[in-house]
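Residues in the sequence shown are numbered consecutively from 12, following the working numbering.
Note that CB positions come from ideal geometry on N, CA and C, so glycine has one too.
Predicted model only: the values in this text are computed from it and were never measured.
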Amino acid sequence: MSQALDHIAQAVEHIEARSRQASRGVRVAIAFGIVVAGYGLVVASGVVGA
Numbered sequence: 012m013s014q015a016l017d018h019i020a021q022a023v024e025h026i027e028a029r030s031r032q033a034s035r036g037v038r039v040a041i042a043f044g045i046v047v048a049g050y051g052l053v054v055a056s057g058v059v060g061a
């Protein structure tokens, strides 16, 4: 679980570095995608742990 969160954090940092030149709408869309991916990993890890 913590490895998945570390991976998400690294991806967020990478995307934020690339999105600094992007428009606000693009950054919002990227952030929304990251949140959805994070919830997906949490649900998947819960299913695997069950």
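Could you give the residue range of the alpha helix (DSSP H) that holds Ser56? 35-60
Beta-carbon contacts of Leu52 that lie in its chain and below 6 Å, excluding the five residues immediately before and after: Ala15
Using a Cβ-Cβ cutoff of less than 6 Å, which residues in the same chain neighbour Ala22 once the five nearest sequence positions on both sides are dropped? none
Going by the CB atoms, is the gap between Ile19 and Ala40 shorter than 8 Å? no
Given this structure, state the Cα-to-Cα distance separating Ser13 from Ser56, to the nearest angstrom. Ser13 and Ser56 have their alpha carbons spaced roughly 11 Å apart.
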